[in-house]
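Protein chains: 2
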Amino acid sequence: MAERTRTSKQRDRILEVLRQTGSHPTAKWLYDRVRRQFPNLSLGTVYRNLAILQRQGLVVKLGFGSGFERYEAKILPHHHFVCERCGSVADLKLALDRSVMQKLRQTTGLRTTRYEIRLFGICKRCSGTE
Amino acid sequence: MAERTRTSKQRDRILEVLRQTGSHPTAKWLYDRVRRQFPNLSLGTVYRNLAILQRQGLVVKLGFGSGFERYEAKILPHHHFVCERCGSVADLKLALDRSVMQKLRQTTGLRTTRYEIRLFGICKRCSGTE
DNA sequence: GTTCATGCAAATCGTTTGCACAATG
DNA sequence: CATTGTGCAAACGATTTGCATGAAC
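So the sequence lines, in the order shown, correspond to chains B and D.
Per our numbering, residue 8 is the first one in the first sequence, and the count goes up by one each step.
Per our numbering, residue 8 is the first one in the second sequence, and the count goes up by one each step.
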């Protein structure tokens with residue numbers, strides 16, 4: 008019943024490439040890259056291995072990862088708390104010093120239009136469940 | 008050639024619902040909700056109007072909004088800068104005081120496993136282009 | 001009346017899955 | 001040998017798009 012995991016040259020290479028690149032590639036990018044060593048590699052294998060690597064805590068999927076987009080009306084800038092178990096998203100009203108945000112912008116030196124702080128964790132409802 | 012936009016009861020209602028709800032709904036959720044007033048509403052219309060509202064700056068799409076997932080190997084915690092024009096994602100090394108992050112966690116009172124600060128703006132490469 | 005928005009259905013595209021075979025332990 | 005991983009192709013689900021009709025101006 009316990010999950011067994013064997014080694015696989017493809018998976019090793021996927022992780023290696025992901026560690027070397029400074030970018031945040033998509034599955035397709037990884038597929039094209041790793042295919043140089045494994046010409047018969049299939050996209051399905053890339054997805055399957057990415058899932059395994061995530062379960063092992065070696066890889067993170069950016070974004071909400073729920074498969075579909077979420078929208079909100081632009082009102083006041085605010086932040087989000089994302090539950091890693093049920094995927095729910097809650098608004099956060101964080102009282103951050105203005106100075107901190109100013110510092111953020113200065114540090115980056117980039118033209119920043121907006122920012123968002125995203126906290127990930129287990130929401131209260133899911134907390135009671137486990 | 009200039010883009011004309013007419014009013015539409017459906018679009019008004021979509022925005023209204025989005026403004027009233029505290030959640031971060033998916034297109035499907037909005038569709039089900041707005042259909043109460045417009046039984047013949049189609050999902051395509053919802054997507055089309057969400058796109059228009061985004062162009063008008065009234066609505067924001069959460070996530071990277073590029074349509075596909077992005078992955079990264081889990082190394083040290085860090086943050087991201089997302090270019091709103093070309094969609095590129097860059098790592099940010101922000102020197103944030105530990106105290107600030109502690110404050111963040113305390114404020115929320117939630118069990119937080121990780122956090123990520125995401126800045127949105129126009130990257131240097133795109134900046135030179137316009 | 002001209003043009004944009006809608007509804008419907010088909011098409012698209014990223015991701016997942018079933019199956020037969022190859023590789024791991 | 002028992003079981004997991006792979007490649008291939010089909011399936012799936014969210015989003016997009018073409019087209020004929022209806023609404024806005």
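For glycine and all other residues, C-beta sits at the position ideal for the given N, C-alpha and C.
Values in this document were obtained by computation on a predicted structure and should not be read as measured data.
(request) Since I believe A80/D is in contact with L57/B (beta carbons under 8 Å), could you give me their beta-carbon distance rounded to a whole number of angstroms? (result) Not a contact, Cβ separation roughly 11 Å.
(message) To the nearest angstrom, how far is the alpha carbon of Q44/B from that of Q27/B?
(response) 15 Å
(message) Short of 6 Å in beta carbon distance, which residues of its chain neighbour E137/B, apart from the five on each side in sequence? Order them along the chain.
(response) For E137/B, the predicted model reports a pLDDT of 45, less than 50, meaning its position is unreliable and no value from the coordinates is stated.
(request) With 8 Å as the threshold, decide whether the Cβ of I59/D is near any Cβ in chain B. (result) no
(message) Tell me the residue span of the beta strand (DSSP E) that contains E79/B.
(response) Y78 to A80
(request) Kindly list the residues whose CB is nearer than 8 Å to the CB of L48/D, restricted to its own chain and excluding five residues on each side of it in sequence; keep chain order. (result) Q17, Y38, V41 and R42
(request) Taking V67/D and I21/D to be in contact with their CB atoms under 8 Å, please state how far apart those CB atoms are, rounded to whole angstroms. (result) V67/D to I21/D, Cβ: 14 Å. No contact.
(request) Count the other CB atoms, across all protein chains shown, that sit within 10 Å of the CB of R62/B; report buried if there are 16 or more and exposed otherwise. (result) exposed
(message) Taking only three categories from DSSP, how would you classify L57/B?
(response) helix
(request) Let me know if E50/D comes out buried or exposed under the rule of 16 or more other beta-carbons within 10 Å of its beta-carbon. (result) For the record, residue 50/D in the displayed sequence is Leu; it is not Glu. Result: exposed.
(request) Compute the Euclidean distance between the alpha carbons of C130/D and D98/D, then round it to the nearest angstrom. (result) 12 Å
(request) Determine whether the Cβ of V41/B lies closer than 8 Å to any Cβ atom of chain D. (result) no
(message) Residues in the same chain with beta-carbon distance under 6 Å from G72/D, minus the five sequence neighbours each way, listed in chain order, please.
(response) Note that G72/D has pLDDT 49, beneath the 50 cutoff, so the model's placement of it is unreliable and the number below is only indicative. Closer than 6 Å at Cβ, skipping near neighbours: no residue.
(request) Using a Cβ-Cβ cut-off of less than 8 Å, list which residues of the region 19-33 of chain B approach chain D; keep chain order. (result) L22, L25, R26, G29, S30, H31, P32 and T33
(request) Would you identify the three-state DSSP class for V89/D, choosing helix, strand or coil? (result) strand
(message) Any beta carbon from chain B within less than 8 Å of Y38/D's own beta carbon?
(response) no
(request) Could you tell me how far apart the beta carbons of H86/B and I124/B are, in whole angstroms, since I believe they sit closer than 8 Å? (result) 4 Å
(request) Check G51/B in the structure and name its three-state DSSP category. (result) helix
(request) Could you check if R13/B is buried or exposed, using at least 16 other CB atoms within 10 Å of its CB as the buried criterion? (result) exposed
(request) Would you tell me roughly how many angstroms separate the C-alpha atoms of R55/D and L25/D, rounded to the nearest one? (result) 15 Å
(request) Using a Cβ cut-off of 8 Å (strictly closer), state whether L48/B contacts chain D. (result) no
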